[in-house]
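Heads up, the sequence shown is in this note's numbering, so the first residue is 100 and it goes up one at a time.
Glycine included, each C-beta is placed from N, C-alpha and C at the ideal position.
Inspection log for the structure reproduced underneath, given as structure tokens.
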Amino acid sequence: MKMRSIPRWAAILLAPLSACGGASQYTAPPAAVLIPIEALPYDPEKQSFTETIGIPEYVLGYGDVLEVTLRGLEQVKEEIPVRSDGMVSFSMVQNVRAAGLTLRELDEELTRELKKYLREPSIDVDVSEYKSKMVSLQGAILSISTLGGGKTGPGRYPLKGKVRMLDLILEAGGTTPDAQLDRVQLIRGDKSYRLNIQRVLNTGDARDNVVLQADDILVVPGIARQSKKVIILGEVNSPNVFVFPEDVTLLEALGQAGGLKETAIRNDIRIIRNVEGAPQMFSLNYEQMVNGHALDKNIHLESNDIIYAPRSFIGDINETIAKITPLLDILLVPANYRDVYTTGSGLRLETGPAPTGTPSTILTRQAGKPAVPADSTAQGK
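This is the structure:
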């Protein structure tokens, strides 16, 4: 059987990782520091607290479970959920809005409604389960046994009020000895921010000890053997070839690439993986993962995985490879960098006309015109 030649990028991708060196210190790529912490946005709808006279109070939301006690001759105690419509019902009172209120405000509202039926009602309202505002914590976090059987280690945690980054890390059990607290990464929405928690501990400067909001993803990197080479392409803020520790997950890898751009199709992140000698493609829903509905799909990556975040719908694996091959050619073959940046009034340096010969698929740009594949001009398109 005649074997087909493989693209140049495939040969580089399949090269053994030993060429990258042995154990080395894990260093977050520059993409994580592109956005200053001063520009960190806050979404009012994702805030877990409000402040009254400087005192933070938890804001209720859909999914929270409340324990409401009506005191009197016969004490009534019920556990009631905040429904998807934001309402709760208790005893004789039906459909009282709870979402967006503090416990104090809900207590006052329920008391006001109960006065229609009781002379001087006395009630207590507490949260028995916090479920409405969750954050994800990944990376070098200790998993320890606790007397009460509480959750520790990497995973999803509820916000129970005004919670700062260090509060969450301590609640989760603290960090492993190799944690790099000067390179902590916060993924919020489509952007990635690098935070220096070590400076907070050393100087008391709390600027980087940010207040968390719902759907945040926090990644604490550690020092580990760099053993996985992964390529991340498409609608991410910093596409590149990355070398990761053994236990890296998809969300961590996307965070190191600067997070997804607004143009990315979030419900169709593609992973191309060599399975028993043949390439296979998987589609994963980023939106569901960060919202906690499919966190089990936050898979651990394998060496030589290709992650592609598309900006429009794509079909089978052949169409996907056709889209990413020009990107991989430029990214992985140094000679292509030279051609793109130095020939034919290219992207950086003026060095005269492009060489004649077989049309290239490399992106070139003529003066005053957008970049287009070089062979598209030959087709008159």
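Cβ-based neighbour list, residue i, same chain, cut-off 8 Å, excluding 5 preceding and 5 following
i       : result
Val-181 : Leu-159, Gly-160, Tyr-161, Gly-162, Asp-163, Val-164, Leu-165, Val-187, Ala-197, Ala-198, Ser-231
Thr-149 : Pro-155, Glu-156, Val-158, Thr-201
Span of the beta strand (DSSP E) around residue i
i       : result
Ile-405 : 405-408
Phe-189 : 186-189
Leu-285 : 283-287
Coil, strand or helix - residue i by DSSP
i       : result
Gln-355 : helix
Pro-344 : strand
Ala-313 : coil
Asn-194 : strand
Thr-362 : coil
Val-262 : coil
Lys-250 : coil
Asp-225 : strand
Arg-306 : coil
Identified DSSP bridge partners for residue i
i       : result
His-399 : Thr-348
Tyr-157 : Phe-148
Glu-178 : Glu-166
Thr-274 : Ile-240
Gln-379 : Arg-372
Pro-257 : Met-233
Ile-330 : Val-340, Ile-405
Tyr-292 : Leu-285
Thr-201 : Val-158
Boundaries (first-last residue) of the alpha helix (DSSP H) holding residue i
i       : result
Arg-218 : Careful: Arg-218 lies outside any alpha helix (DSSP H) and carries neither H nor E.
Arg-298 : 296-302
Val-389 : 385-389
Sequence-distant residues of the same chain with beta carbon closer than 6 Å to residue i, five excluded per side
i       : result
Ala-271 : Leu-236, Ile-240, Thr-251
Gln-279 : Pro-320
Phe-381 : Ile-370
Same chain, Cβ closer than 7 Å to residue i, neighbours up to 5 away in sequence not counted
i       : result
Glu-212 : Val-192, Val-195
Ala-352 : Val-329, Ile-331, Phe-341, Phe-343, Leu-400, Ile-406
Leu-394 : Arg-255, Met-388
Leu-359 : Asp-289, Glu-334, Val-335, Leu-353, Arg-365, Tyr-385, Ala-408
Asp-184 : none
Presumed contact (8 Å Cβ cut-off) between residue i and residue j, rounded CB distance
i       : j       : result
Ile-286 : Ile-316 : 4 Å
Gly-357 : Asn-336 : 3 Å
Val-226 : Leu-209 : Rounded, the Cβ-Cβ distance is 14 Å, inconsistent with contact.
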